[in-house]
Every structure is written in C-alpha cells, then in structure tokens.
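Following: one structure in structure tokens, then a few remarks.
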Amino acid sequence: MSLLTSPRHVVTVHEPQVGVDEDGVETTTAGRGVEVRCNVHPVSASEAEQYGLTLSDAYRVTAPPGVWPGSPRALVIWEGDRYHQVGRPVRSRMGRATQHDRIYIHRGNDG
Numbered sequence: 001m002s003l004l005t006s007p008r009h010v011v012t013v014h015e016p017q018v019g020v021d022e023d024g025v026e027t028t029t030a031g032r033g034v035e036v037r038c039n040v041h042p043v044s045a046s047e048a049e050q051y052g053l054t055l056s057d058a059y060r061v062t063a064p065p066g067v068w069p070g071s072p073r074a075l076v077i078w079e080g081d082r083y084h085q086v087g088r089p090v091r092s093r094m095g096r097a098t099q100h101d102r103i104y105i106h107r108g109n110d111g
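Mapping the sequence shown onto our numbering, position 25 (from 1) lands on 25, and the numbers just tick up by one.
Shown next as structure tokens:
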C-alpha cells in the first residue's frame, strides 16, 4: 500500500453557491461538503514562490486521480481550519501506479 492508494488525511470540500439576495446583490455561500481522503503536506519554498503564497499558510493536497470535487474557488476544511483552493488541480498521469491529482490550498484572512 502507498500513500496514493491509502491516504492519511480527510478534508471537506465545499463548492461555492452563488445567488442573489433580496436587494439584488450577488452572494456566495459554501455548498454541501464532500469528504475527500487525501494527503496534506506543507508546500516547499519553490512552490510557494511559484504560486505567490505564504509558506505558513499554504499546503499541497495529493488525492487519488479524479476524486477531487473542487473548483478553483472551492472552500476546503482541514483540521478545523478554512482554506481556499488555488487554481485548478494539477493532474499527474505518467505511470499507472503513481497517478494522482495535486491541489494547492491557502488559508486567507478568514481562516
């Protein structure tokens, strides 16, 4: 067994739901959460620089291929903290045994 086939962490992914309130103002709320088994690691200094992130507030999530339900605006809850997905998942499909999706999450001011 590997970390790709038996991930150690669980995160909850909420897709944003966009609506309009009674005053006609666009609002965004977190939709129903989907639990995803994955691995969460701190980002490296080079990854943080590449994405313009702060090291202490950014993580790399590695998930089995195709299971990540989030969009670039998804809200991710991990260990009680709120994170936002940064960009689209990076898909790695070079070898059958090492296929995975890599997602970057960042804790903003609301975390």
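In this text, a Cβ means the ideal position worked out from N, Cα and C, and glycines have one as well.
Local Cβ density within 10 Å of residue i, reported as buried at 16 or more and exposed below that
i: D101; result: buried
i: G111; result: Note that G111 has pLDDT 49, beneath the 50 cutoff, so the model's placement of it is unreliable and the number below is only indicative. Burial call: exposed.
i: E27; result: A small correction: the amino acid at residue 27 is Thr; Glu does not occupy that position in the sequence shown. Under this definition T27 is an exposed residue.
i: T62; result: buried
Check whether residue i and residue j have beta carbons under 7 Å apart
i: W78; j: I103; result: no
i: V11; j: V36; result: yes
i: N39; j: R82; result: no
Other residues of its chain near residue i: CB distance less than 6 Å, five sequence neighbours each side excluded
i: R73; result: P16
Residue i (DSSP reduced to helix, strand or coil)
i: R91; result: strand
i: G54; result: The amino acid at residue 54 is misidentified as Gly; the sequence shows Thr. If DSSP states are grouped into helix, strand and coil, T54 belongs with coil.
i: A97; result: helix
i: R37; result: strand
i: E79; result: coil
i: E15; result: strand
i: R32; result: strand
Boundaries of the alpha helix (DSSP H) in which residue i is found, first to last residue
i: E49; result: 45–51
Residue i: first and last residue of the uninterrupted beta strand (DSSP E) it sits in
i: P72; result: Counting along the chain, P72 falls outside any beta strand (DSSP E), and DSSP gives it neither H nor E.
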